[in-house]
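**Q**
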Amino acid sequence: MTNTIKTKVGIIGGGPSGLMLSQLLDLKGIDNVVLEKHTRDYVLSRIRAGVLEHGFAELMREAQCGARMDAEGEIHEGFFINDNGKMHRVDLAGHTGGNSVVVYGQTELTRDLYDAREKMGGNVIHEALDVAIHGADSDSPALTYRQGDETFRVECDFIIGADGFHGVSRKSIPRDVLKEYEKIYPFGWLGVLSRTKPVSPELIYSRTERGFSLCSLRSQVLSRYYIQVPLTDSVEDWSDEAFWDELKRRLPDDVAAGLETGPSIEKSIAPLRSFVAEPMRWGNLFLAGDAAHIVPPTGARGLNSAASDIYYLYHGMIAHYLDGDSSGLETYSAKALARVWKAQRFSWWMTTMLHNFPNHPDYDQKLQEVELSYLLSSDAAMASLAENYVGLPF
Ligand code: FAD
Ligand code: DHB
């Protein structure tokens, strides 16, 4: 027997995109259901983004989920670029009329969204397996899923595909409708989380002859570090000791001397990829966040690009349900993609400028060097970096 659930918006994916949209819609009285294939603990065990732009922080507040972020998150008005041992500060606030970013982990933010959904009695269904989309291009779209031995059918007006890069939503769109753009980089990031004091109060992005590194943080007692590694490396190839030794080699001597090391509490490798799927709407199915686009993490744009999708969708849904105006939903794909591509450009630019590219022709190597030296010598170039890093307007 199939159990039927009726709702307005069926959301696939209980990551930040799906939960945020669910919470915002619920606050406006727009009924919705979230289907997440994993357990809550599993979702919260993934260590991912750490830097939130101003617009994202505002959306968290609008979702009535900003209290802990405002209390525990750190406002960062700048960061450092280490060019082969020489440190340069990027003054975000100075170049953007006082704008900044919030350092607050994706894990904490997702926990806040789950707590808010629970408090409001939101319908977030975990371990929803074999989710399938039906009639997305019809007037009566539906989702089906399995939980244990039971099967369920969710009948709704709209389906939101917020199920990340490997989800089912994008794959449900016919191949002749969707155009995919992709760039794969010849390296990955090995990330370590450790209960140690961060080496620097502000992030350090390093370009060195041995490769890229990033010093980030979650709090004053929790550090997050990354180093560029070949795609052929696996986590087992890297003991904690080997990781710390390599990170030190990619930092200026005086900074390395102050690096506090300790056991890793999480260690993983993320491949670097740029990807966009167009359009982001097919019939009554809307893609949002990593389901539609991903960026290499260098510019800290991934989660922030998801936030702008959610902003456009949320406003489109409010206008549709509360004012009978569907123009926001009609223009969703075009509006979202315009901003998505700017985030793609910025992430590609940061990645290309700061990493070591194996087999780069000498000419490209020279261009990479001059790109960074121009940036570090030009106020106009620094202003452009700052404007993108704090987040372009929605
Ligand atoms: P996801 O977080 O992937 O959530 C999708 C959810 O859908 C998951 O919970 C998944 O379990 C669920 N799902 C998948 N398939 C199904 C299915 N078939 N049925 C039901 N549910 C399903 N971004 C930044 O902005 N700043 C940063 O500093 C930053 N740093 C990063 C560092 C690393 C190492 C990595 C890997 C990413 C980083 N990102 C960063 C990117 C950011 O983490 C992602 O962009 C963000 O997670 C996207 O959120 P999402 O909700 O769209 O997708
Ligand atoms: C973090 C990740 C990033 O990709 C980035 O650019 C900045 C910070 C982080 O995990 O803290």
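In this note's numbering, the protein residues as written are -19 to 374.
Even for Gly, the Cβ is constructed at its ideal location relative to N, Cα and C.
(1) In terms of residues, what are the limits of the alpha helix (DSSP H) holding residue 71?
(2) In whole angstroms, what separates the C-alpha of residue 363 from that of residue 39?
(3) So the beta strand (DSSP E) residue 56 belongs to, where does it begin and stop?
(4) Between the beta-carbon of residue 190 and the beta-carbon of residue 253, is there less than 8 Å?
(5) Identify the continuous beta strand (DSSP E) that holds residue 157 and give its terminal residues.
(6) How about residue 286 and residue 299: are their beta carbons less than 8 Å apart?
(7) With DSSP as the reference, please indicate the residues paired to residue -14 in a beta bridge.
(8) Please specify which runs of the beta strand (DSSP E), each continuous and at least 3 residues long, are wholly inside the stretch 307 to 371, giving them in chain order.
(9) Does DSSP put residue 221 in a helix, in a strand, or in coil?
(10) With DSSP run on the structure shown, which of helix, strand or coil describes residue 175?
(11) Is residue 16 near the ligand FAD - that is, is its Cβ less than 7 Å away from at least one heavy atom of it?
(12) Looking at C-alpha atoms only, which residue of 164, 223 and 64 is the closest neighbour of residue 251?
(13) Would you give the residue range spanned by the beta strand (DSSP E) that residue 190 belongs to?
(14) Less than 8 Å between C-beta atoms, sequence neighbours within five positions excluded: which residues of the same chain meet that for residue 64?
(15) Does the Cβ of residue 196 lie closer than 7 Å to at least one heavy atom of the ligand DHB?
(16) Using DSSP with H/G/I as helix, E/B as strand and the rest coil, what is residue 203?
(17) Could you check what DSSP says for residue 254 in three-state terms: helix, strand or coil?
(18) Can you find a heavy atom of the ligand FAD that lies under 7 Å from the Cβ of residue 360?
(19) Going by DSSP, what residue range makes up the beta strand (DSSP E) through residue 271?
(20) In this structure, does DSSP put residue 295 in helix, strand or coil?
(21) Report the start-end ranges of each beta strand (DSSP E) in the stretch 15 to 65 that is 3 residues or longer and not cut off at the edges.
(22) Can you tell me whether residue 41 is buried or exposed? The criterion is at least 16 other CB atoms within 10 Å of its CB, across all chains shown.
(23) I'd like to check one pair, residue 228 with residue 200: are the Cβ atoms closer than 8 Å?
(24) Please list, in chain order, all residues of the same chain as residue 157 whose beta carbon is under 6 Å from its beta carbon, the five residues on each side excluded.
(25) Just to confirm, does residue -8 get its C-beta within under 7 Å of one of the non-hydrogen atoms of the ligand FAD?
**A** Concretely, from the data shown:
(1) From DSSP, residue 71 is part of no alpha helix (DSSP H) but of the beta strand (DSSP E) over 66 to 71.
(2) 25 Å
(3) 54 to 56
(4) no
(5) Where residue 157 is concerned, there is no enclosing beta strand (DSSP E), given that its DSSP letter is neither H nor E.
(6) no
(7) 135
(8) none
(9) helix
(10) coil
(11) yes
(12) 164
(13) Unbroken run through residue 190: none, as it is neither H nor E.
(14) 187, 188 and 189
(15) yes
(16) strand
(17) strand
(18) no
(19) Note, residue 271: premise wrong, no beta strand (DSSP E); not H, not E.
(20) helix
(21) 31 to 33, 54 to 56 and 58 to 63
(22) exposed
(23) no
(24) 262
(25) yes
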